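Asks: With UniProt numbering, letter number 884 in the sequence shown gets 884, and the count goes up by one each step, no holes.
Structure incoming, see below.
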Amino acid sequence: MPRIPSVSPATEKPTAPYFIHTVDNNFVDNRGRTLLLRGVNLSGSSKAPVGEPSYFRDQLWESGESGDISFIGRPLDVDDGSADIHLARLKGWGFNVLRYPVTWEALEHDGPGQYDYDFMDYTVRVLRKCKEYGFKVYMDPHQDVWSRYSGGSGAPYWTLLACGIDPHNFTATQSALLHSEYPVAHEPEPDQFPAMIWSTNYGRLASQTLFTLFFAGRDYAPKCIIDGMNIQDYLQKHFIDAFGALADRIRDAGDLLDECVIGWDSMNEPAEGFCGYEDLNSVPEEQGSTLRKGSRPTPAQSLRLGMGQEQTVEHWSFGGFGPKCDGTVTIDPKGFTMWLDPEDSDEDADGVSERWGWRRDPGWTLGTCIWALHGVWDVDSGYIVKPDYFQCPPFDPDRPVVFETDFWRPHWRAYISRIRSAHPEAIHFVQPPVFAEPPPLDGPDDLKGRCCYSGHYYDGLTLVTRHWNWFNADALGMLRGKYSGMWQAVRIGEPAIRQSLRDQLGYLKADAQILGSYPTLIGEIGTPFDMDAKRSYGFTDKGKYAGDYSRQEKALDASLNGADGPNALSYTIWTYCPDSSHKWGDGWNMEDLSLWSEDDVRQPPRRTEEDVDNRYNMRSAFSSKAALLNRKSAQALVSVNGVASISMPSVSMTPAMQSALSLNTLGGVSVASDDMTQVLDHRLKDYNQDQGYVVNRAGPASWSNPYDFLTDGARAVRAFVRPYPVAVVGLPSDIQFDIKKAEFKLSVRVRPEDRPVPISPSRASSSTNINAKEDGNLSEIPTEIFIPLVHFARGDIVARSSTAIDPTDKGRGRARSRSRSPRNGDNCEESSCEPSPVVSTASSTTISQQVNGVSTPHPPPVSESLLDVDVRVSAGRWEIEGQYLRWWYPVPSEEGALELVHTIQVKRRRGAIKVINERALARGTCASRCARSVQTFCQKVASLLGCCVM
1 MPRIPSVSPA TEKPTAPYFI HTVDNNFVDN RGRTLLLRGV NLSGSSKAPV
51 GEPSYFRDQL WESGESGDIS FIGRPLDVDD GSADIHLARL KGWGFNVLRY
101 PVTWEALEHD GPGQYDYDFM DYTVRVLRKC KEYGFKVYMD PHQDVWSRYS
151 GGSGAPYWTL LACGIDPHNF TATQSALLHS EYPVAHEPEP DQFPAMIWST
201 NYGRLASQTL FTLFFAGRDY APKCIIDGMN IQDYLQKHFI DAFGALADRI
251 RDAGDLLDEC VIGWDSMNEP AEGFCGYEDL NSVPEEQGST LRKGSRPTPA
301 QSLRLGMGQE QTVEHWSFGG FGPKCDGTVT IDPKGFTMWL DPEDSDEDAD
351 GVSERWGWRR DPGWTLGTCI WALHGVWDVD SGYIVKPDYF QCPPFDPDRP
401 VVFETDFWRP HWRAYISRIR SAHPEAIHFV QPPVFAEPPP LDGPDDLKGR
451 CCYSGHYYDG LTLVTRHWNW FNADALGMLR GKYSGMWQAV RIGEPAIRQS
501 LRDQLGYLKA DAQILGSYPT LIGEIGTPFD MDAKRSYGFT DKGKYAGDYS
551 RQEKALDASL NGADGPNALS YTIWTYCPDS SHKWGDGWNM EDLSLWSEDD
601 VRQPPRRTEE DVDNRYNMRS AFSSKAALLN RKSAQALVSV NGVASISMPS
651 VSMTPAMQSA LSLNTLGGVS VASDDMTQVL DHRLKDYNQD QGYVVNRAGP
701 ASWSNPYDFL TDGARAVRAF VRPYPVAVVG LPSDIQFDIK KAEFKLSVRV
751 RPEDRPVPIS PSRASSSTNI NAKEDGNLSE IPTEIFIPLV HFARGDIVAR
801 SSTAIDPTDK GRGRARSRSR SPRNGDNCEE SSCEPSPVVS TASSTTISQQ
851 VNGVSTPHPP PVSESLLDVD VRVSAGRWEI EGQYLRWWYP VPSEEGALEL
901 VHTIQVKRRR GAIKVINERA LARGTCASRC ARSVQTFCQK VASLLGCCVM
């Protein structure tokens, strides 16, 4: 690693202890260690206000037209204590970074320039809570197919009216597919909304028009003038100003920039619109083409449909072997048009809107297609006059459009300039259109040494088919022209599929070199959990497979394994939704990718039939709170960074549970003050009394130990809770993890320039609680590796779990953490070298318990570690505290010396933990209740839990 600079490349100011550099293709801390940032998107629920999921129709139009909505409560509720439990869980899973989606609508829903400062202040509160738990955060200006009102998320309702569009007729014209109006607005069946069909909106008229106007309105729609400026400038200005206002609010908080909020993503998954289309009479098959599923009009047919003209279009299905045209379908809008009728507009004769305040130029005639207005086609005949209208940029008509360079980059520069004015040290997370290579950003004011490439990657076949298949394909390789025939891209068998996913992630990592020597972080990656007709929820086979997430585990492990190996990538998984449910998934367009769901929480507390109905329909704002807070239990203390703590319900503090469930043991660093603990304990008590819930603290525990806490509600948890190097002296050259065997191996390359920077008052890192070590030529600070309890828990912890079995459990003896070094004189280049024990320096775990409101220590713990591991290192020494292993090893000291390669192997001494089928647990809880009538309240509970239906 090149010597890190002592000043910021962006501002030339000295760097703070918590500063993260982006150099030599990596994130690097202020001591010179390579960092991996791994975490989640928090949250997919932020696409809509609390209580307004995408299948609600009336609320959608009412809130949009009035502007009287609020996103307060997204992504977490910081007032009831549930945010602490969610964040404690995420921290216990080993995550250290959060991608934080915020929509334009959340900021500016009440009208142009009318900002929701209350929501911005609430966002600051949530970010402070994230900071208390030690998370780094990067902000995500999120959108999907433009807006909630065009079948996705992002922009406010008024932006569609500003573009002369009437969203109420999207369904009739199929200009966009809306979840709440599927298949037809007057008889919607939103639970039948097909998987991923929302993404076909990128190939429909609404999205194609809106993105063209946003990115290229000046060139392709010069007549579209509003408030004296082109619609492109109008939309971009409001978008940029809204997120600039949020950035200002975060800056003015005074304690978040760089220490917590490290940077800003560019617009989520931007689309090209019509830009670059060669022929409007045919659907493009190039990189920007959309999913072939359902009706598939050509652009020309979309234009006609948008003006109310009947069209017969192709219909596609997507089966196990990919997309197939299975016939045609006739769409008859019955005269309804996508374009705003002057009679339905509140604009007066001068074009001034009474509600929204803008003035539309007289040359922009409402009620007709703007592309007909620009001579692209003739409405009366339906004839496409200029089929290649969008092929070339008007400012350079002799070449085809290069969207990323011609239109995306100018917007990005304007956006990042505004963000930088509020956040000078921001890391710019660069995200061009999906699977597109980024353009060069080599202007003098572009990156300034602060950049990360943040492309997205999903296993598309699994995502669309909702099935883990025995074959797959190198989709990205095909898009990049790597193969002459599709058959060459096919991969058969799990080993070949896993390697293919790793290769594709490698392509994206290589794309970062276009920007410079910057790191790559995969901004979204994940897998659906509603596979195989929701088999895992007990919706098929008479509930036989309820709780069985083995297929999802294979799929998610394959994707995240791709980020390991030589790629050694950072990532943020999509997603974590506090209000995820089996019926409605993430509450948005039937997506179901949340790593956690309330419906998978064991023994969810429900008191009345009304509670269940609210829960089933996601109407309750308290659903997440109820499942998390209202449990029969004693209290244990979760503490983070000496700043915040929460009295956590339902952790049994029996004598056998002497190693506390705290972030001290799960990965935190300190125990909070007694005063803070009492304050939060009273807050939880007051909330539960206000909501009419009863917490019986004397009853049996639901979370009997940390293993149960970390796995309760989690799906395919073994796949995403993975060991990985958090901070490395040198460079991680290979990461391997076998979840079936619970075996982890890491190789690191170490060069003379990788010797950590000496500690000084201005440069000391505060990222971890470390005592510097000196032992010959060993590094003075360690490499730190997350070793998850989910895979490596001590045998006595597993034995007390209600969901896991130790495969070699022959009693409940104490499993000790052992710190080792190679035998003197041994050549330890191979991992088979047998280490010899040295005295362990692992700290004892700390435990606290609420006793009459006072935090008191327990007797000494039964073990020095939560983990049961055998560790072998090729050189150096190591120790374990909580879920983190620290490893000191030699670093070449002389300039020009050969690099060293060190390896470490970690495996669970008793073998991989076996997971009990959750179906058995659910049936054991609900068997007696399942015998009642199908219509009864208790059977609704059973179905929610995935129980059998009698």
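Every residue, glycine too, gets a C-beta built ideally from N, C-alpha and C.
Owing to the predicted nature of the structure, the values given are computational and were not obtained by experimental measurement.
(1) State the Cα-Cα distance for the pair Asp712 and Asp548, rounded to the nearest angstrom.
(2) Pull up the distance between the alpha-carbon of Thr11 and that of Pro424, whole angstroms please.
(3) Gly51: which of Phe71, Trp61 and Arg33 sits nearest, CA to CA?
(4) Report all residues from its chain with a CB closer than 8 angstroms to the CB of Val385; omit the five preceding and five following residues, and keep chain order.
(5) Using 9 angstroms as the threshold, is the C-beta distance between Ser147 and Leu160 below it?
(6) Can you give the beta carbon distance from Tyr157 to Glu65, rounded, assuming they're within the 8 angstroms contact cut?
(7) What is the DSSP secondary structure of Pro17, counted as helix, strand or coil?
(8) Flag this pair as yes or no: are the beta carbons of Asn25 and Thr783 separated by less than 9 angstroms?
(9) What does the alpha-carbon distance come out to for the pair Thr212 and Ala875?
(10) In chain order, what are the residue ranges of uninterrupted beta strand (DSSP E) at least 3 long that sit wholly in the segment 109-172?
(11) Beta carbon of Ser266, beta carbon of His428: below 9 angstroms?
(12) Roughly how many whole angstroms lie between the Cα atoms of Trp888 and Thr103?
(13) Label Tyr389 either buried or exposed according to how many other C-beta atoms from any shown protein chain fall within 10 Å of its C-beta, with 16 as the threshold for buried.
(14) Could you check the C-alpha separation between Asp326 and Leu257 for me, to the nearest Å?
(15) Near Thr298, what residues of its chain come up, given a Cβ to Cβ distance below 8 angstroms and the 5 sequence neighbours on each side ignored?
(16) If contacts are defined as beta-carbon pairs under 8 angstroms, then Leu569 and Ala563 qualify, I think. What distance do you get, rounded to the angstrom?
(17) What do you get for Ser580, buried or exposed, if any count of 16 or more other CB atoms within 10 angstroms of its CB means buried?
(18) How about the segment 440-454 and the segment 496-506: do they share at least three Cβ pairs that are nearer than 8 angstroms?
(19) Starting from the N-terminal side, write out each stretch of the alpha helix (DSSP H) that is 4 residues or longer and does not extend beyond the segment 28-89.
(20) With the cut-off set at 9 angstroms, would you say Pro17 and Ser43 are in Cβ contact?
(21) Residue range of the alpha helix (DSSP H) that Lys509 falls in?
(22) Shortest alpha-carbon distance to Glu743 belongs to which of Met486, Tyr138, Val790 and Val126?
(23) On the DSSP bridge assignment, give the partners of Gln905 in chain order.
(24) Glu105 and Ala155: beta carbons closer than 9 angstroms?
(25) Could you tell me the distance, in whole angstroms, from the CA atom of Ala920 to the CA atom of Gln513?
(26) Below 9 angstroms between beta carbons: does that hold for Pro706 and Ile785?
(27) Is any heavy atom of the ligand FMN found at a distance shorter than 8 angstroms from the C-beta of Gln552?
(28) Buried or exposed: which applies to Ile781, given that a residue is buried once 16 or more other Cβ atoms fall within 10 Å of its Cβ?
(29) Tell me whether His791 sits in a helix, a strand or coil according to DSSP, three-state version.
(30) So within the segment 293-341, which uninterrupted beta strand (DSSP E) runs reach at least 3 residues, ignoring any that extend past its ends?
(31) Output needed for Arg683: all residues of its chain with C-beta closer than 7 angstroms, excluding positions within five of it in sequence on either side, in chain order.
(32) If we ignore side chains and look at the alpha-carbon of each, how far apart do Ala804 and Gly217 end up?
(33) May I ask you to report which of helix, strand or coil DSSP gives Gln736?
(34) Would you mind sorting Thr328 into buried or exposed? The rule is 16 or more other CB atoms within 10 Å of its CB.
(35) Restricting to Cα atoms, I'd like to know which of Trp574, Thr365 and Leu210 is closest to Pro101.
(36) Within the continuous alpha helix (DSSP H) that includes Gly263, where are the two ends?
Replies: For this structure:
(1) 14 angstroms
(2) 7 angstroms
(3) Phe71
(4) Gly375, Val376, Trp377 and Asp378
(5) Against a cut-off of 9 angstroms, the Cβ pair of Leu160 and Ser147 comes out as a contact.
(6) Correct: roughly 7 angstroms between the Cβ atoms.
(7) In the structure shown, Pro17 sits in coil (DSSP, three-state: anything other than H, G, I, E or B).
(8) For Asn25 and Thr783, no; Cβs fall outside 9 angstroms.
(9) 58 angstroms
(10) 136-142
(11) yes
(12) In this structure, the straight-line span from the alpha carbon of Trp888 to that of Thr103 is close to 44 angstroms.
(13) Tyr389 comes out buried.
(14) 53 angstroms
(15) Leu280, Asn281, Ser282, Val283 and Val313
(16) 4 angstroms
(17) buried
(18) no
(19) 58-66
(20) no
(21) Glu494 to Asp511
(22) Nearest option by C-alpha distance: Val790.
(23) Lys745 and Arg872
(24) yes
(25) Reliability fails at Ala920, whose pLDDT of 45 lies under 50, so the model's placement of it is uncertain and the value that follows must be treated cautiously. So the alpha carbons of these two residues sit roughly 50 angstroms apart.
(26) no
(27) Although the ligand FMN was asked about, the structure shown includes no ligands whatsoever.
(28) buried
(29) helix
(30) Qualifying beta strand (DSSP E) stretches, in chain order: 294-296, 311-319 and 322-331.
(31) Low local confidence applies: a pLDDT of 40 at Arg683 is under 50, so the model's placement there is unreliable, and no value is given.
(32) 58 angstroms
(33) strand
(34) exposed
(35) Trp574
(36) Element bounds for Gly263: not the alpha helix (DSSP H) but the beta strand (DSSP E), Val261 to Asp265.
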